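Undergrad: Questions regarding the structure given below will be posed in turn.
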Amino acid sequence: MLNLILFGPPGCGKGTQAIKLAEEFQLLHISTGDLLRNEVKTETPLGVEAKKFMDKGEYVPDEVMIGMISNKIDEFAGKVKGIIFDGFPRTTPQAEALDKLLEFKNTSIKKVIALEVEEEEIVERILLRGKTSGRSDDNDEATIRKRFNIYQKETAPVAALYAAKDLFTSVKGIGEIDEIFELLKAEIEQLGA
Ligand code: AMP
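Here the working numbering runs 17 ahead of the position in the sequence shown, where the first position is 1.
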């Protein structure tokens with residue numbers, strides 16, 4: 018399976034690019050943010066609990082996220098050509114759990130690609146997105162900066178785990194959507210996809 022992780026801070030364009038890449042390479046797109054927002058919308062017990070964290074710009078606990086991904090992998094492994102993970106893993110325990118879950122299915126992550134965008138651009142983009150996204154975590158500058166800080170502290174170190182296995186690369190996340198898409202596509206094509 019061609020399993021990929023699209024990595025990078027909130028607002029770096031992961032969601033937009035993941036949708037395009039999933040279509041191009043016929044992969045299953047798993048966005049944990051979308052899965053959570055769906056739970057929130059349908060007011061499931063998990064959604065009600067998760068909303069408290071999401072509204073504050075904090076991470077939903079690892080056990081919840083790992084359980085959610087585990088179910089998805091069980092549902093789809095072997096039935097799809099590969100999976101593109103968007104917004105997961107975000108912590109070291111999540112990355113370790115993902116490796117194990119994929120190993121059980123006799124597969125693994127083939128590449129982690131980060132989109133590089135700096136903080137000021139992120140804040141600007143998310144505030145703009147907040148005007149139309151309806152997301153409760155996209156409107157307040159302090160919450161956006163908090164999300165970025167949590168990303169730096171909790172998520173950025175995950176890159177080193179994959180770099181140690183020679184699976185990590187990054188591309189510039191600033192420019193036209195199609196330009197960035199071409200950069201990502203070239204990275205994936207190098208894998209022989
Ligand atoms: P996103 O759409 O990826 O920006 O995610 C929106 C929010 O959902 C995040 O700010 C977190 O509160 C929560 N979330 C999404 N993915 C994860 C994850 N892998 N671990 C913890 N929380 C997550």
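Cβ atoms here follow ideal geometry from the backbone N, Cα and C, with glycine treated the same way.
Bear in mind the structure is a predicted one, so any value in this text is a computation, not a measurement.
Indicate, with yes or no, if the ligand AMP has a heavy atom lying under 7 Å from the CB of Q111.
TA: Residue mapping note: residue 111 aligns to position 94 of the sequence shown, counting from 1. Within the cutoff, so yes.
Undergrad: Thinking C-alpha only, which one of A39, G25 and L63 is nearest I205?
TA: Here residue 205 corresponds to residue number 188 of the sequence shown, with the count starting at 1. Among A39, G25 and L63, the Cα nearest to that of I205 belongs to A39.
Undergrad: How should Q111 be labelled, buried or exposed, when 16 other C-beta atoms within 10 angstroms of its C-beta is the threshold for buried?
TA: In the sequence shown, residue 111 corresponds to position 94, counting from 1. The residue is buried, with at least 16 neighbouring Cβ atoms inside 10 Å.
Undergrad: Between the region 73-86 and the region 108-124, do three or more beta carbon pairs fall short of 8 Å?
TA: yes
Undergrad: Would you kindly report the start and end of the unbroken beta strand (DSSP E) that includes D116?
TA: The count along the sequence shown starts at 1 and reaches residue 116 at position 99. That residue, D116, is in no beta strand (DSSP E); its alpha helix (DSSP H) goes T109 to F121.
Undergrad: Can you tell me whether E138 is helix, strand or coil according to DSSP?
TA: As a first step, residue 138 is located in the sequence shown; it is residue number 121 there, counting from the start. Residue state, collapsed to three classes: helix.
Undergrad: For L119, which of F102, L132 and A131 has the nearest alpha-carbon?
TA: As a position in the sequence shown, residue 119 is number 102, starting the count at 1. That would be F102, whose Cα lies nearest to the Cα of L119.
Undergrad: To which residues does DSSP link N20 through a beta bridge?
TA: Taking the first residue of the sequence shown as 1, we reach residue 20 at position 3. Beta-bridge pairing links N20 to I126.
Undergrad: With a threshold of 7 Å (Cβ to nearest heavy atom), would Y179 be considered close to the ligand AMP?
TA: Your numbering for residue 179 matches position 162 in the sequence shown. For Y179, the shortest separation between its Cβ and any heavy atom of the ligand AMP does not lie below 7 Å.
Undergrad: For L21, collect the residues of the same chain with a Cβ closer than 6 Å to its Cβ; drop the 5 residues on either side in sequence, then sort them by chain order.
TA: To locate residue 21, count along the sequence shown from 1; it is residue 4. Cβ within range, chain order: I101 and K128.
Undergrad: Once the 5 residues before and after D155 are set aside, which same chain residues still bring their CB inside 6 Å of it?
TA: Reading the sequence shown from its first residue, position 138 is the one you call residue 155. Here the set comprises I143, R146 and G147.
Undergrad: Distance check for L208 and R54, CA to CA, integer angstroms please.
TA: In the sequence shown, residue 54 corresponds to position 37, counting from 1. In the sequence shown, residue 208 corresponds to position 191, counting from 1. Each residue's alpha carbon lies about 32 Å from the other.
Undergrad: If you draw a straight line from the alpha carbon of E75 to that of N88, how long is it in whole angstroms?
TA: Along the sequence shown, one-based indexing puts residue 75 at 58. Along the sequence shown, one-based indexing puts residue 88 at 71. Going by the C-alpha atoms only, they are around 23 Å apart.
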